[in-house]
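Worksheet: the structure to be examined is printed underneath.
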Amino acid sequence: MGLLIAQSEGTLDSVTGYDLAVAGAEFNVAVGVARLGHRVTYMTKLGNDPFGKRIIRVLNENQIGNEFVAWSDTKKTGFMLKGRVSEGDPDIFYFRAGSAASTLSVEDVGKIRFDEYSHIHLTGILPALSKSTLDAVNLMFDRARQAGLLITFDPNLRPQLWPSQDEMIKSINAMAAKADIVLPGTAEGKILMGSDDPKKINDFYRNLGAKVVITKVGSEGAYVTTATEEYLVPGFKVDKVVDTVGAGDGFAAGVITALMEGRTLKEAVRRGNAVGAIQVMSRGDNEGLPYPEQLETFMKK
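FYI, the numbering for the sequence shown is 1323 to 1623, going by the working numbering.
Rendered as structure tokens:
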């Protein structure tokens, strides 16, 4: 989706200028995976408008495949406003209801050649946009499982996009049960299953059916539970947190790429912690996502 970042601090209705960028959880992960040297394809539906054309340009700049990007001449590309803060969490406001992406359907999913891929990453954002996208994402889970892909799932809760919190919880947990690896945060766990204790969160999703659960615990790192072990992978020291948006997406990109390279789960989570830490030191949702040399240097500190 399009992203308008405030040029100065203040409430979203009081600032007088915005910088144009591109954002979206799945988009951020795609950028992170591509920058670390892996082939990745992005799926969405865009409006035939300046935001949509800019998204395609950024995909091309990052060598991300766009063959599964559909276009709409009647719906517009969704976008969001993002405030500017000296550090921490900025204000955010979405304009996504009725967007082109909200019309993504099971017919669009039918065009994906799942047997050509080894991995699929899904989040709880796209299914929140409409009944059509919820059906499409559920079909993606089913087709990916049939094709033997490794499925990672980040709940990425956006309560303002769902019809109700009850529907959000029910839908997100049902999707998590179909994933191989679930990547919640502690605050999400509190909403989804009633606890912010990482061990309890991990046990909950393991019992639902996930093979691996990795709960992000902020600067402390990430807590991992598998069928045979559980452990904490410590985080990396960050000099200054500039913008926390996109940190979880960076974490996902780090985990995914390490697993694609055949590294151990513990190594993958350590890389995820590193990419997430690098991202929070940059303004913007994906601008700070590292290339291999930058990541290697940071992890050696």
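Ideal Cβ positions, reconstructed from N, Cα and C, are used throughout, including at glycine.
Give me the Cβ distance between Thr1399 and Gly1374, rounded to the nearest whole Å; I'm assuming they're in contact under 8 Å.
If you number the sequence shown from 1, residue 1399 lands on position 77. If you number the sequence shown from 1, residue 1374 lands on position 52. Correct: roughly 4 Å between the Cβ atoms.
The segment 1550-1566 in contact with the segment 1579-1598 per 3-pair CB rule at 8 Å
As far as the Cβ criterion goes, the segment 1550-1566 touches the segment 1579-1598, which means the pair count is three or higher.
What does the alpha-carbon distance come out to for the pair Tyr1340 and Ala1469?
In the sequence shown, counting from the first residue as 1, residue 1340 sits at position 18. In the sequence shown, counting from the first residue as 1, residue 1469 sits at position 147. So the two alpha carbons sit approximately 43 Å from each other.
Taking the alpha carbon of Ala1466 as the point to measure from, which residue in Val1431, Val1459 and Phe1436 has its own alpha carbon closest?
For this step, residue 1466 is matched to residue 144 along the sequence shown. When C-alpha distances from Ala1466 are compared across Val1431, Val1459 and Phe1436, the shortest belongs to Phe1436.
Going along the chain, which unbroken runs of the beta strand (DSSP E) with 3 or more residues stay wholly within the segment 1481-1551?
Counting whole runs of 3 or more residues, the segment 1481-1551 contains the beta strand (DSSP E) stretches 1534-1538 and 1543-1547.
Using the beta-carbon count (16 or more within 10 Å), is Tyr1553 buried or exposed?
Translated into positions along the sequence shown, residue 1553 becomes position 231. With fewer than 16 other Cβ atoms within 10 Å, it is exposed.
Could you check the C-alpha separation between Ser1440 and Met1462 for me, to the nearest Å?
Against the sequence shown, residue 1440 aligns to sequence position 118. Against the sequence shown, residue 1462 aligns to sequence position 140. Inter-residue distance for Ser1440 and Met1462 is about 14 Å (C-alpha atoms, whole angstroms).
Does the beta-carbon of Arg1361 have 16 or more other beta-carbons within 10 angstroms, so that it is buried, or is it exposed?
Counting from one through the sequence shown, the residue named residue 1361 turns up at place 39. By the 16-neighbour rule on beta-carbons within 10 angstroms, Arg1361 is exposed.
Helix, strand or coil at Asn1478 [DSSP, three-state]:
Indexing the sequence shown from 1 puts residue 1478 at position 156. Coil.
Could you compute how far the alpha carbon of Gly1332 sits from the alpha carbon of Asp1413?
Looking up residue 1332 in the sequence shown gives position 10. Looking up residue 1413 in the sequence shown gives position 91. C-alpha separation (whole angstroms): 9 Å.
Are Thr1547 and Val1563 close, meaning C-beta to C-beta below 7 Å?
Along the sequence shown, read from residue 1 onward, the residue named residue 1547 stands at position 225. Along the sequence shown, read from residue 1 onward, the residue named residue 1563 stands at position 241. Not a contact, by the Cβ cut-off of 7 Å.
Tell me the rounded alpha-carbon separation between Ser1486 and Asn1460.
Position 164 of the sequence shown holds residue 1486. Position 138 of the sequence shown holds residue 1460. As the crow flies, the alpha-carbon of Ser1486 is around 19 Å from that of Asn1460.
Could you check the C-alpha separation between Thr1363 and Ile1386 for me, to the nearest Å?
For the purposes of this step, residue 1363 is taken as residue 41 along the sequence shown, with counting starting at 1. For the purposes of this step, residue 1386 is taken as residue 64 along the sequence shown, with counting starting at 1. So the two alpha carbons sit approximately 6 Å from each other.
In the DSSP output, which residue or residues are listed as bridge partners for Thr1445?
Residue mapping note: residue 1445 aligns to position 123 of the sequence shown, counting from 1. Thr1445 is bridged to Asp1476.
Is it true that the CB of Ser1493 sits closer than 7 Å to the CB of Leu1451?
In the sequence shown, residue 1451 corresponds to position 129, counting from 1. In the sequence shown, residue 1493 corresponds to position 171, counting from 1. Contact: no.
Please report the straight-line C-alpha distance between Lys1538 and Gly1570, rounded to a whole angstrom.
Start at 1 with the first residue of the sequence shown, and residue 1538 comes out as number 216. Start at 1 with the first residue of the sequence shown, and residue 1570 comes out as number 248. Between Lys1538 and Gly1570, the C-alpha separation is close to 8 Å.
Among residues of its own chain, excluding the 5 on either side of Gly1531, which ones have a beta-carbon nearer than 6 Å to its beta-carbon?
One-based indexing of the sequence shown puts residue 1531 at position 209. Closer than 6 Å at the Cβ level, and outside the excluded window around Gly1531, lie Ala1499.
Start-to-end residues for the alpha helix (DSSP H) that takes in Met1621
For the purposes of this step, residue 1621 is taken as residue 299 along the sequence shown, with counting starting at 1. Taken as a continuous stretch (DSSP letters only), the alpha helix (DSSP H) holding Met1621 covers Pro1614 to Met1621.
Tell me, please, which residues DSSP counts as bridged to Asp1341.
If you number the sequence shown from 1, residue 1341 lands on position 19. Paired residues: Ile1327.
Quick one: what's got a C-beta closer than 6 Å to Leu1472's C-beta in the same chain, skipping five residues either side?
As a first step, residue 1472 must be located in the sequence shown, where it is residue number 150. If we look at Leu1472 and ignore the five residues flanking it on each side, its Cβ neighbours are His1441 and Asp1502.
Length of the line joining the Cα atoms of Thr1586 and Leu1403
Against the sequence shown, residue 1586 aligns to sequence position 264. Against the sequence shown, residue 1403 aligns to sequence position 81. Approximately 38 Å, taken between the alpha carbons.
Between the Cα of Val1344 and the Cα atoms of Gly1584, Lys1453 and Gly1610, which residue gives the shortest distance?
For the purposes of this step, residue 1344 is taken as the residue at position 22 of the sequence shown. For the residues Gly1584, Lys1453 and Gly1610, the minimum Cα distance to Val1344 belongs to Gly1610.
Among Asp1565, Gly1584, Met1515 and Ala1574, nearest to Ser1604 - alpha-carbon criterion:
Mapped onto the sequence shown, residue 1604 falls at position 282. Ser1604 has its Cα closest to that of Asp1565, out of Asp1565, Gly1584, Met1515 and Ala1574.
Cutoff 7 Å; reference Val1355; Cβ partners in own chain excluding five residues on either side
Within the sequence shown, numbered from 1, the residue matching residue 1355 stands at position 33. Closer than 7 Å at Cβ, skipping near neighbours: Val1362, Ala1575, Ile1578 and Thr1579.
Where the alpha helix (DSSP H) containing Ile1600 begins and where it ends:
Walking along the sequence shown from the start, residue 1600 turns up at place 278. From DSSP, the alpha helix (DSSP H) with Ile1600 extends over Leu1587 to Val1602.
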